[in-house]
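One structure below.
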Amino acid sequence: MAAQKINEALEHIAKAEKYLKTGFLKWKPDYDSAATEYGKAAVAFKNAKQYDQAREACLREAEAHENNKALFHAAKAYEQAGMMLKEMQRLPEAVQLIEKASMMYLENGTPDTAAIALERAGKLIENVSPEKAVQLYQQAASVFENEERLRQALEMLGKASRLLVRGRRLDEAALSLQKEKSIYKEIENYPTCYKKTIAQVLVHLHRNDYVAAERCVRESYSIPGFNGSEDCAALEQLLEGYDQQDQDQVSEVCNLPLFKYMDNDYAKLGLTLVVPGGGIKKKSPNTAQDKTRGPATVGSHADEEEDEYSGGLC
41 MAAQKINEAL EHIAKAEKYL KTGFLKWKPD YDSAATEYGK AAVAFKNAKQ
91 YDQAREACLR EAEAHENNKA LFHAAKAYEQ AGMMLKEMQR LPEAVQLIEK
141 ASMMYLENGT PDTAAIALER AGKLIENVSP EKAVQLYQQA ASVFENEERL
191 RQALEMLGKA SRLLVRGRRL DEAALSLQKE KSIYKEIENY PTCYKKTIAQ
241 VLVHLHRNDY VAAERCVRES YSIPGFNGSE DCAALEQLLE GYDQQDQDQV
291 SEVCNLPLFK YMDNDYAKLG LTLVVPGGGI KKKSPNTAQD KTRGPATVGS
341 HADEEEDEYS GGLC
């Protein structure tokens, strides 16, 4: 079966090369027909699991489309070449080709397709190079935002924010979350703004920036419904515990369902939040009993002294 597909692919390549040849009666190559044949060759090679040859056929197809000024089809071919590299586990190279495709989509005037390609590239590289994935998601978000497709932009920004938190790039995560929150406010999705405020506060506290965390909550009072919400009450309690170095109070707040059922990366921030100075331990019942006993002991000692001299000096 594989041998048959390979032979089929080679036949298509031979036809493509014939279309590209020029002669006395044919002054201009037939790029359109050549591209079609290279595309068929790529599919046949792919079916035979000859991914490197499939990639090469895709690149030739892309070149033929470019020569024919068919940018959209050229971009598609570059993207397919990238997917062949993905099958070969050559992910950084795959991402390079998909990025090239996205630029061509933009040039062609199809920004939505460009953004989708960038998202696809981000997914490919996320586990290998989170830094690159963040860049790709942010680029995709920017394209979607320019096209006023804000929900898609938010999805990309959300992926970038979570990766930044996971990589402990907390300064950048704080900025990314602020961007998300601003857009959610713009589209009047206020409950999600509350959740983003919680994530922001956790990030700021992990940055040891209590002032930024407090300012974040204070600024959120302008969001309709935030003041008086359970999110607001929990954050005020969290900040109070953090300010008073009360680890027990901080841990209690961070174990609320409101925090525990956030996206996993933010929930982890809550569960690992430690107040500076190690926190104040709650007083044990024994300590409390000792304190109550204290005055009584002093009192009985005083009684003993009084008894000693009760008969007078004589």
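Read in order, the letters of the sequence shown correspond to residues 41 to 354 in the numbering used here. Even glycine gets a Cβ: it sits at the ideal position worked out from N, Cα and C.
Please report how far the alpha carbon of Ser216 lies from the alpha carbon of Val174, in whole angstroms. Reading the sequence shown from its first residue, position 176 is the one you call residue 216. Reading the sequence shown from its first residue, position 134 is the one you call residue 174. As the crow flies, the alpha-carbon of Ser216 is around 10 Å from that of Val174.
My output table needs one value for Ser182: the three-state DSSP class, helix, strand or coil. The count along the sequence shown starts at 1 and reaches residue 182 at position 142. It is helical.
Figure out for me which residue from Glu127, Glu119 and Phe266 has the closest Cα to the Cα of Gln136. Walking along the sequence shown from the start, residue 136 turns up at place 96. Put simply, of Glu127, Glu119 and Phe266 the residue whose alpha carbon is nearest the alpha carbon of Gln136 is Glu119.
Count the other CB atoms, across all protein chains shown, that sit within 10 Å of the CB of Thr62; report buried if there are 16 or more and exposed otherwise. For the purposes of this step, residue 62 is taken as the residue at position 22 of the sequence shown. Result: exposed.
Run through DSSP, which three-state label would Thr62 get? By 1-based counting over the sequence shown, the position of residue 62 is 22. If DSSP states are grouped into helix, strand and coil, Thr62 belongs with coil.
Are the CB atoms of Val315 and Tyr261 nearer to each other than 9 Å? Position 275 of the sequence shown, counted from the first residue, corresponds to residue 315. Position 221 of the sequence shown, counted from the first residue, corresponds to residue 261. Not in contact: Val315 and Tyr261 (Cβ atoms no closer than 9 Å).
Could you check what DSSP says for Ala102 in three-state terms: helix, strand or coil? Taking the first residue of the sequence shown as position 1, residue 102 is located at position 62. Ala102: helix per DSSP, three-state reduction.
For Val205 and Lys235, the rounded distance between their alpha carbons: Mapped onto the sequence shown, residue 235 falls at position 195. Mapped onto the sequence shown, residue 205 falls at position 165. Looking at the two C-alpha atoms, the distance is approximately 15 Å.
What is the DSSP secondary structure of Thr237, reduced to helix, strand or coil? One-based indexing of the sequence shown puts residue 237 at position 197. Looking at Thr237 - three-state DSSP - the assignment turns out to be helix.
Segment contact flag, the segment 62-80 with the segment 101-121, C-beta cutoff 8 Å, min 3 pairs: The segment 62-80 makes contact with the segment 101-121; the number of CB pairs closer than 8 Å reaches 3 or more.
Assign Arg202 to one of two classes, buried (16 or more other C-beta atoms within 10 Å of its C-beta) or exposed (fewer than that). For the purposes of this step, residue 202 is identified with residue 162 of the sequence shown, where counting begins at 1. Counting Cβ neighbours within 10 Å, Arg202 comes out buried, since at least 16 surround it.
Given 8 Å as the limit, is there contact between the segment 288-296 and the segment 249-263, that is, 3 or more CB pairs closer than that? no
Counting C-beta neighbours from all protein chains within 10 Å, is the total for Phe64 16 or more, i.e. buried, or is it exposed? As a first step, residue 64 is located in the sequence shown; it is residue number 24 there, counting from the start. With fewer than 16 other Cβ atoms within 10 Å, it is exposed.
First and last residue of the alpha helix (DSSP H) that includes Phe112? Position 72 of the sequence shown, counted from the start, is the residue given in the question as residue 112. Phe112 -> alpha helix (DSSP H) spans Leu111 to Glu127.
Cα-Cα separation, Leu279 to Tyr250: If you number the sequence shown from 1, residue 279 lands on position 239. If you number the sequence shown from 1, residue 250 lands on position 210. Near 8 Å, if we compare the C-alpha coordinates of Tyr250 and Leu279.
Which residues in the same chain as Glu57 place their Cβ atom closer than 8 Å to its Cβ, once the five residues preceding and following it in sequence are excluded? By 1-based counting over the sequence shown, the position of residue 57 is 17. Cβ within range, chain order: Ala74.
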